[in-house]
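Numbering (full-length UniProt numbering), first residue to last: 1 to 699.
Even for Gly, the Cβ is constructed at its ideal location relative to N, Cα and C.
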Amino acid sequence: MPGVPSNKACERCKKKHLKCDETRPHCQRCATAGVECPGYVQTRKFIDQGATVRRRYAPYQESHAKPGTAIDSSKETEKAPSSRANAEIDEDDAFHSQLAQTTLNSSNESHMDDVISSEPFMAATQMQFPILPPSGDQPLGQINPLADFQGSSGPVRSPVHSPISPNAAMAFHPSLESIGPRDRSEYHPITSGEGGSPQSDREEFQHIFSELMTGTEHELAFLARHYAEVIGPWLDLSDTENFFSVYVPIRAINSPVLKYAVAALAAKQLGRVKGGKSSTRNGMYTNPASTEIYPNATRVDWFLKAANYYYLAASDLNNSNSNGYTALSTSAVLESPIETINRWLSTQSRRDINSATIDGYTLRKAEDMLAAVVLLTFYRLLDSNGEDWQVHLSGIRVLFNQLLQKIQTGTAQFTHAIRASFWNFARQDHLGSYLTRTSTHLDPTNLALWRAAGISIDDQMKFHIVKDGSLALSQDDQAANGLSWLICKVINFLAQSKQSQIAQWTGSPQENMSQSPSTSNEAGNPPCPDTNTWLDLCFDIQTWFEGVPETFRPCVRIERPRTFTEAPEGTQSPFPEVFYSQATCAFAMQHYHFGRIALLLNRPADMVSAPSTAFDRLQGYREVTKEVEYRSRELCGIALGRPRGEVRIHMVPLLFAVGQCLESVEEHRVIIDLLRGLEADWGWATEYAIQKLQASWSR
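Right, dumping it as structure tokens:
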């Protein structure tokens with residue numbers, strides 16, 4: 001390839017005609033002799049890569065050579081050595097001056113594969129953003145990029161990071177806002193290598209090849225593919241049409257806010273797993289595609305890249321609220337994406353005050369912005385403490401109420417994009433509310449909202465699975481989303497129970513308590529939870545279980561599985577191992593057992609029908625304990641079946657709840673292993689739940 005430095009002996013070994021081992025930065029022979037190694041001088045050598053390259057660089061061929069044909073090697077051997085040397089020098093200067101621009105313009109040609117796979121290209125990734133600090137300081141000669149692709153355990157850089165901060169956000173120069181990714185890489189001039197020193201040569205190649213990676217096609221393609229294969233399925237858990245993993249990457253081609261939001265979330269997830277990727281998803285023995293490979297992925301500062309892409313996405317989202325140019329500011333990053341889109345929707349409502357519905361162009365833009373808001377919100381949730389989830393979700397009630405007002409009344413439903421975004425927020429809403437014991441942001445009594453989201457609820461607030469195909473959702477998706485609505489009702493019941501207990505302890509009226517910002521909802525003052533409400537919820541969840549499709553049955557179940565990782569003879573697990581062929585069903589069944597446990601442990605006292613004797617009460621406690629243990633074992637059994645990532649990232653509050661119910665040390669060990677494995681595999685934060693569980697077990 002033009003411009004590849006060839007390894008030569010050090011100056012001392014060359015002068016003494018000794019065999020040099022070419023160790024970097026100093027050869028071992030000089031070190032053994034006790035003298036200072038004078039170092040290496042890297043020169044350029046040019047390798048004939050065939051007719052394709054010669055056709056591309058036709059001006060540099062001899063005048064008598066025919067276009068598209070190889071130069072006769074026999075004629076070249078007849079040239080004088082001095083003439084050949086002069087020709088090589090001329091080619092060196094010509095190739096050197098046009099290498100960066102030529103490789104950028106010909107990235108889709110066959111010889112680009114050789115450029116990307118070459119060693120200097122691997123080393124160039126140490127400087128991904130020319131306007132940012134390099135991501136590592138490892139010497140060029142010591143990089144082994146193939147070790148990262150094969151999953152070897154090399155030195156891994158683990159930078160201290162925060163989800164987003166003004167300092168990290170301002171890493172991009174303000175004057176570069178309107179410059180494209182390829183132009184941005186030209187902001188710093190390419191260093192000339194005329195000095196001939198190894199350092200200048202290395203810096204020159206880093207600058208040249210960073211133009212191929214810094215915010216350009218390969219990096220964005222790599223992140224987009226990683227998002228589509230790994231993160232998109234998280235967001236399509238109950239969407240068989242796969243809006244987030246299929247449609248969002250396509251829309252991102254023409255939508256900057258989606259493009260940068262996809263890149264930000266993918267880069268941060270890679271940072272959380274230290275650049276590691278599963279090698280078995282697309283096969284084990286075939287060669288990976290170029291878009292699956294990122295050189296030295298485990299040494300790249302993914303968190304810095306993620307912060308910059310987040311900043312670009314948040315800035316583009318913020319600029320949607322203005323008609324003209326808006327200077328970059330940290331407020332665009334610090335503001336919640338949900339607040340930003342709420343302001344935009346409010347502005348649109350004032351502009352279209354005479355229009356009952358939203359027009360097609362504005363609807364498409366709202367869908368893209370809403371999808372970007374989902375991605376940016378998950379960016380924040382990825383490494384956030386579970387008790388802070390509700391803070392990041394603040395404003396979703398206003399958001400979807402505004403969207404609901406823009407569609408036709410009656411049986412109208414949200415579009416596919418809005419519906420997919422709604423269910424992602426709804427799942428995180430009830431999981432975050434459980435951890436804080438507060439009411440959900442989305443009101444389960446707002447039937448028009450949940451019907452627009454694609455499920456059937458009658459006027460008596462009973463959920464039904466529609467089998468005639470009149471709804472856009474499949475039966476499996478209806479069942480899973482219907483259970484999410486039921487769990488939302490259960491979580492609000494728990495919040496009302498806690499509120500009632502606090503009111504009794506403090507002597508304050510419950511009506512005043514219910515109007516606090518953290519617990520109030522559109523339904524007004526919630527009724528005091530009683531046994532009838534509890535029985536209705538139990539009946540609704542049991543009815544749901546009896547009406548689910550056949551796919552909600554496990555296809556694999558082992559009651560006493562053996563683990564063969566610790567000892568050859570294996571040890572028995574305290575839990576069964578249950579596997580569902582569909583991720584949607586595994587998620588739903590875990591939440592079904594979770595809902596039953598929550599209701600069992602929070603039954604209100606009934607002074608009329610409660611057992612009258614101490615023995616009766618003790619027997620009731622034993623029955624509750626037995627069923628809670630059974631539900632906990634089933635929930636952990638599904639987790640031990642290692643379902644796909646979209647199921648596992650929603651397990652944290654569930655495993656936390658189960659961990660508080662179980663008592664044996666072996667059960668505790670399994671739960672901790674499940675939580676730590678979840679974070680190691682997918683990057684979803686679990687350490688806060690582990691610390692709280694360990695603190696409760698030590699009491």
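Item: Three-state secondary structure (DSSP) at I558?; Value: strand
Item: Can you find the residues in the same chain that come closer than 7 Å, C-beta to C-beta, to P549, ignoring five residues on each side of it along the sequence?; Value: Q475, D476, A479
Item: Would you check if the distance between the CB atom of L431 and the CB atom of G683 is smaller than 8 Å?; Value: no
Item: Classify A605: buried if its beta carbon has 16 or more other beta carbons within 10 angstroms, exposed otherwise.; Value: exposed
Item: Pull up the DSSP beta-bridge partners for S456, would you.; Value: H464
Item: Using only the alpha-carbon positions, how far apart do S245 and C20 sit?; Value: 53 Å
Item: Is the region 670-681 in contact with the region 585-593, if contact means three or more CB pairs nearer than 8 Å?; Value: no
Item: Does the beta-carbon of S664, which I'm using as the reference point, lie nearer than 7 Å to any heavy atom of the ligand FMN?; Value: Of ligands this structure carries none, so the ligand FMN is not represented either.
Item: Rounded to the nearest angstrom, what separates P576 and T625 at their Cα positions?; Value: 19 Å
Item: Cutting at 6 Å between CB atoms, please list the residues of its own chain near Y294, excluding the five before and the five after it.; Value: F222
Item: Alpha carbon to alpha carbon, how far is A314 from Y379?; Value: 12 Å
Item: Can you round the beta-carbon distance between E11 and G39 to whole angstroms, since I take them to be within the 8 Å contact cut?; Value: 7 Å
Item: Could you check how far apart the C-beta atoms of A426 and S484 are, in whole angstroms? I think they sit under 8 Å.; Value: 6 Å
Item: Give the DSSP-derived three-state secondary structure of F493 in the structure shown.; Value: helix
Item: Check each candidate in L599, N481, V374, V556 and name the one with the smallest Cα separation from D530.; Value: L599
Item: Return the chain-ordered list of same chain residues with a C-beta closer than 6 Å to the C-beta of F552, the five sequence neighbours on each side being excluded.; Value: C585
Item: Using three-state DSSP, classify residue 752 as helix, strand or coil.; Value: As displayed, the chain neither begins before 1 nor continues past 699, which places residue 752 out of reach and without an answer.
Item: Between the Cα of Y310 and those of S664, T543, V257, P25, spot the shortest distance and give me the residue it belongs to.; Value: V257
Item: Can you check whether the C-beta of H430 is within less than 8 Å of a C-beta belonging to chain D?; Value: Judged by its chain identifiers, the structure shown contains no chain D, having just a single protein chain.
Item: Can you tell me which of the three DSSP states E217 falls into?; Value: helix
Item: Considering S578, what are the terminal residues of the beta strand (DSSP E) in which it resides?; Value: What sits at residue 578 in the sequence shown is Val, not Ser. That run of the beta strand (DSSP E) goes 577-579.
Item: State yes or no: is the C-beta of L404 within less than 8 Å of the C-beta of A261?; Value: no
Item: Taking E634 as part of the alpha helix (DSSP H), name the residues at either end of that continuous run.; Value: 614-640
Item: Under 7 Å Cβ to Cβ from V373, same chain only, skipping five residues before and after it: list those, please.; Value: P337, I338, I341
Item: In terms of alpha-carbon separation, which member of I638, P288, E219 lies closest to A267?; Value: E219
Item: Among the residues of its own chain, which have a CB less than 7 Å from the CB of T533, if the five just before and after it don't count?; Value: F493
Item: So, helix, strand or coil for Q413, using DSSP?; Value: coil
Item: How long is the line joining the alpha carbons of E22 and A689, rounded to whole angstroms?; Value: 51 Å
Item: Considering only C-alpha positions, which residue in the set L486, S349, K305, R251 is nearest to N321?; Value: S349
Item: By how many angstroms is the C-alpha of L618 removed from the C-alpha of Q691?; Value: 32 Å
Item: For A417, which option in L363, L18, Q460, R397 has the closest C-alpha, if you only look at C-alpha atoms?; Value: L363
Item: Helix, strand or coil for T438, going by three-state DSSP, please let me know.; Value: coil
Item: Using DSSP with H/G/I as helix, E/B as strand and the rest coil, what is Q582?; Value: coil
Item: Could you tell me which of I558, P554, D359, L537 sits nearest to S581, measuring between CA atoms?; Value: P554
Item: Is it right to say T347 is buried, meaning 16 or more other beta carbons lie within 10 angstroms of its own, or is it exposed?; Value: exposed
Item: Helix, strand or coil for T571 per DSSP?; Value: strand
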